[in-house]
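K.L.:
To convert, take the position in the first sequence, counting from 1, and add 141; that gives this note's numbering. Please find one structure pasted underneath; my questions will follow.
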Amino acid sequence: MLQIYNSLTKQKEEFKPITPGKVTLYACGVTTYDFCHMGNARTLIAFDMVVRYLRYRGFDVKYVRNITDVDDKIIKRVNENREEYYAFVQRYIDIMHEDLKELGAIMPDEEPRATQFMPQIIYLIQRLFEKGYAYVGGNGDVFYDVRHFKNYGKLSCCDLDKMRSGARVETSENKKDPLDFVLWKLAKPNEPSWESPWGKGRPGWHIECSAMSMGTLGETIDIHGGGADLLFPHHENEIAQSESASSKPFVKTWMHAGYLQTNKTKMSKSSDNFFTIRDVLAYFSGEVARYFLLSGHYRSPLNYSEDALKQADQSLESLYIALRDITPTFMPSNTVFEKYFMEAMNDDFNTPQAFSVLFDIAHEINRLRDADMKTAQAHAALLKRLGGVLGLLQQEPSAFLQKTEGVSAGDIDKLIQERNQARAQKDWATADKIRDQLSTQGIVLEDKDGHTVWRKK
RNA sequence: GGCUGGGUGGCAGAAUGGUCAUGCAGCGGUUUGCAAAACCGUGUACGCCGGUUCGAUCCCGACCCCAGCCUCCA
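Structure, rendered in structure tokens:
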């Protein structure tokens, strides 16, 4: 039984899709005005893992991840760069796609962009007017009237009046209530704009996701999620808009990924403590970065450090060593490993626990490979399959273990030959000298069963 | 001020009322020409103080500390 923690009810619930066997899932993507950082990657990879596991469990998942391509920050950057708007946005979309590919992410089935949903957005705002939830403010912008929606605050669990006492809520004479938020914002000069019944302008931040979620997946969907920082106000506002327009529940299960931290504080663009995906990929492979991101439970904070990445690299290496020089064959029967793996993942996607099962299988392969190659091969097949559910271990082991920089495989083989000639003559001094030489170049040699294999260190 | 999560061994990071997380690193052993890898073994970990209990890291209460949201944020 798959259990998922629902941010709306604050508890784990048995997951039952609205339509048996099918899952509609919407993940909030990124705003494309800069390189994605590892915090973005964490959330993106968390949902990637969720989709993969749901599919492994046999669900027919429709996976939608949006792109926010209208936004104040984008406009600001575009004007600073004096760049053409769509060219700027497209550049960062391409970069995001490249980065996510490196991290082994699957593509969503649909990737809607806010700018492609203007008619739906405008229609949604019209519906909100008809039902009395929208009004034109003092400055001509269109606002959502939170006072009208009695369930406002049900996700982020805040009392309207208490939130107001926080004093960090910006007041404005344009709004009826400080918490009211913009649905449609009138354009200023040099801003991209779209025609609407309320004048040329652009949508507010939250309305686009409501329009895209309902437009691509329906008015009530199974899973909607994003980073924990979207709980309020973004997701709260999405609920308000969507449910007051459709009079239906918007989302059954809300999922939120925990923060990636650096030095125990949240990694974010505004704090200037972030590392982009590319920063990490300059030193570690995408698979190592992915392993790291999944090495903590998706809802827990995860601490980013170079050391943590190194540990991920080492861990992944030992899994690949188990898969080295072995041909995965058929699935083994009667093993308890897959059962344990599923139990871990069924418990709100407990990837750290699932990892421990992967290591159990790796140990089993290493124990069996001399005594019972056939069973070892079967376990190798299982390890690769379960690793695949997490988007890991799909490379050839040699591709992971022998990724060299600076030294060519041909040169290494030549030196290994020389060394083995020396070894045959028991010229240990020469042999060790060659090994030390390779070692300084980051190459480790292993002598086994009369031949020598190498890997990067 | 309101609200949400946390505090686990050198590091990362899970579960759990009483026998093992797991990984990385370390140590001892087997193996090896020496190594490496692998295998076997190895650690007085659970913020502080009370309480419940035959027994608590895990339940309850107080306290301390940390992070986060309440403003753009994955």
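Don't be surprised by glycine CBs; every beta carbon is placed ideally from N, CA and C.
Using C-beta distances below 7 Å, list every residue in its chain close to His238, excluding the 5 sequence neighbours before and after it, in chain order.
P.N.:
Position 97 of the first sequence, counting from 1, holds the residue named residue 238. Answer for His238: no residue qualifies.
K.L.:
Quick check on the burial criterion: 16 or more other C-beta atoms within 10 angstroms. Buried or exposed for Phe188?
P.N.:
Numbered from 1 along the first sequence, position 47 holds the residue referred to as residue 188. So Phe188 counts as buried.
K.L.:
Please name the residue in Asp250, Pro319, Lys317, Tyr233 whose C-alpha comes closest to that of Arg193.
P.N.:
The residue labelled residue 193 in the question sits at position 52 within the first sequence. Ranking the options by Cα distance to Arg193, first place goes to Asp250.
K.L.:
May I ask which residues mark the beginning and end of the alpha helix (DSSP H) holding Pro112?
P.N.:
The chain is shown from 142 up to 598; residue 112 falls before or after that span and cannot be answered.
K.L.:
Mind checking whether Leu327 and Gly279 have CB atoms under 7 Å apart?
P.N.:
Counting from one through the first sequence, the residue named residue 327 turns up at place 186. Counting from one through the first sequence, the residue named residue 279 turns up at place 138. Contact: no.
K.L.:
The alpha helix (DSSP H) spanning Pro260 covers which residue range?
P.N.:
Indexing the first sequence from 1 puts residue 260 at position 119. Element bounds for Pro260: 259 to 271.
K.L.:
Is it buried or exposed for Phe258, if we count other Cβ within 10 angstroms and need 16 for buried?
P.N.:
Position 117 of the first sequence, counting from 1, holds the residue named residue 258. Phe258 is buried by the Cβ-count criterion.
K.L.:
From Ala381, Thr417, Gly199, pick the residue whose C-alpha is nearest to that of Thr403; which is it?
P.N.:
As a working note, residue 403 is residue 262 in the first sequence. Nearest of Ala381, Thr417, Gly199 to Thr403, Cα basis: Thr417.
K.L.:
From the DSSP output, read off the bridge partner residues of Gly367.
P.N.:
Locating residue 367 in the first sequence gives position 226, counting from the first residue. Beta-bridge pairing links Gly367 to His397.
K.L.:
How long is the line joining the alpha carbons of Gly307 and Asp318, rounded to whole angstroms?
P.N.:
As a working mapping, residue 307 is identified with position 166 in the first sequence. As a working mapping, residue 318 is identified with position 177 in the first sequence. Residue placement at Gly307 cannot be trusted, given a pLDDT of 47 that sits under 50; what the coordinates show is reported in the next sentence. Spanning the two alpha carbons is a distance of roughly 14 Å.
K.L.:
Between Ala635 and Ile236, what straight-line distance do the alpha-carbon atoms span, to the nearest angstrom?
P.N.:
Coverage of the chain is limited to positions 142 through 598, which leaves residue 635 absent and any answer about it impossible.
K.L.:
Would you identify the three-state DSSP class for Thr184, choosing helix, strand or coil?
P.N.:
The residue you call residue 184 lines up with position 43 of the first sequence. It is helical.
K.L.:
Given a threshold of 16 other Cβ atoms within 10 Å of its Cβ, counted over all protein chains shown, does Arg343 qualify as buried or as exposed?
P.N.:
The residue you call residue 343 lines up with position 202 of the first sequence. So Arg343 counts as buried.
K.L.:
Quick check: the Cα distance between Ser456 and Val277, rounded to an integer number of angstroms?
P.N.:
By 1-based counting over the first sequence, the position of residue 456 is 315. By 1-based counting over the first sequence, the position of residue 277 is 136. So the two alpha carbons sit approximately 57 Å from each other.
K.L.:
Below 8 Å on the Cβ atoms is my guess for Lys153 versus Tyr146; work out the distance and round it to an integer in Å.
P.N.:
One-based indexing of the first sequence puts residue 153 at position 12. One-based indexing of the first sequence puts residue 146 at position 5. That belief holds up - the Cβ atoms of Lys153 and Tyr146 are roughly 5 Å apart, short of 8 Å.
K.L.:
Just the C-alpha distance for Leu534 and Tyr174, rounded to the nearest angstrom, thanks.
P.N.:
Counting from 1 along the first sequence, the entry for residue 534 is found at position 393. Counting from 1 along the first sequence, the entry for residue 174 is found at position 33. Going from the Cα of Leu534 to the Cα of Tyr174 covers about 32 Å.
K.L.:
List the endpoints of the continuous alpha helix (DSSP H) containing Trp346.
P.N.:
Stepping through the first sequence from its first residue, residue 346 is reached at position 205. Counting along the chain, the alpha helix (DSSP H) containing Trp346 begins and ends at 346 to 358.
K.L.:
For Tyr424, does the count of other Cβ atoms within 10 angstroms reach 16, so buried, or fall short, so exposed?
P.N.:
Numbered from its first residue, the first sequence carries residue 424 at position 283. With fewer than 16 Cβ atoms within 10 Å of its Cβ, Tyr424 is classed as exposed.
K.L.:
Report the rounded CA-to-CA distance for Ser387 versus Ser354, giving the unit in angstroms.
P.N.:
The sequence position of residue 387 within the first sequence is 246, counting from 1. The sequence position of residue 354 within the first sequence is 213, counting from 1. If you take the alpha carbons of Ser387 and Ser354, they lie about 12 Å apart.
K.L.:
With distances taken between CB atoms, is the gap from Tyr445 to Met179 smaller than 7 Å?
P.N.:
For the purposes of this step, residue 445 is identified with residue 304 of the first sequence, where counting begins at 1. For the purposes of this step, residue 179 is identified with residue 38 of the first sequence, where counting begins at 1. Yes, the pair counts as a contact, with Cβ atoms nearer than the cut-off.
K.L.:
Less than 8 Å between the CB atoms is what I'm expecting for Thr209 and Glu349, so what's the real figure, rounded?
P.N.:
As a working note, residue 209 is residue 68 in the first sequence. As a working note, residue 349 is residue 208 in the first sequence. 7 Å between Cβ atoms; contact.
K.L.:
Out of curiosity, what's the CA-to-CA distance linking Glu114 and Ala255?
P.N.:
There is simply no residue 114 to check, as the chain begins at 142 and stops at 598 in what is shown.
K.L.:
Identify which residue in Lys214, Met486, Ala168 has its Cα closest to the Cα of Glu332.
P.N.:
Sequence index remark: in the first sequence, residue 332 carries index 191 (1-based). Among Lys214, Met486, Ala168, the Cα nearest to that of Glu332 is on Lys214.
K.L.:
Should Arg576 be labelled buried (16 or more other beta-carbon atoms within 10 Å of its own) or exposed?
P.N.:
In the first sequence, residue 576 corresponds to position 435, counting from 1. With 16 or more other Cβ atoms within 10 Å, it is buried.
K.L.:
Contact defined as beta carbons within less than 8 Å: I believe His365 pairs with Trp395. What is the distance between those atoms, to the nearest angstrom?
P.N.:
Residue numbering aside, residue 365 sits at position 224 when the first sequence is read from its first letter. Residue numbering aside, residue 395 sits at position 254 when the first sequence is read from its first letter. Their Cβ separation, rounded to whole angstroms, is 6 Å, which keeps His365 and Trp395 in contact under 8 Å.
K.L.:
Exposed or buried, Val211, counting other C-beta atoms within 10 Å across all chains shown (16 or more means buried)?
P.N.:
As a first step, residue 211 is located in the first sequence; it is residue number 70 there, counting from the start. Val211 is buried by the Cβ-count criterion.
K.L.:
Classify Arg206 as helix, strand or coil using the three-state DSSP reduction.
P.N.:
To locate residue 206, count along the first sequence from 1; it is residue 65. Looking at Arg206 - three-state DSSP - the assignment turns out to be strand.
K.L.:
Taking just the CA atoms, how far does Met472 sit from Ala485?
P.N.:
Looking up residue 485 in the first sequence gives position 344. Looking up residue 472 in the first sequence gives position 331. Cα to Cα, Ala485 sits roughly 20 Å from Met472.
K.L.:
Between Ser337 and Ile263, is the Cβ-Cβ spacing less than 7 Å?
P.N.:
As a position in the first sequence, residue 337 is number 196, starting the count at 1. As a position in the first sequence, residue 263 is number 122, starting the count at 1. Yes, the Cβ-Cβ distance between Ser337 and Ile263 is below 7 Å.
K.L.:
Select from Thr172, Phe482, Tyr226, Gln231 the residue whose C-alpha is nearest the C-alpha of Tyr197.
P.N.:
The residue labelled residue 197 in the question sits at position 56 within the first sequence. Per the Cα distances, Phe482.
K.L.:
Taking the runs of the alpha helix (DSSP H) that are 4 residues or longer, which of them lie wholly in the stretch 406 to 469?
P.N.:
The qualifying runs are 418 to 422, 427 to 435, 447 to 464.
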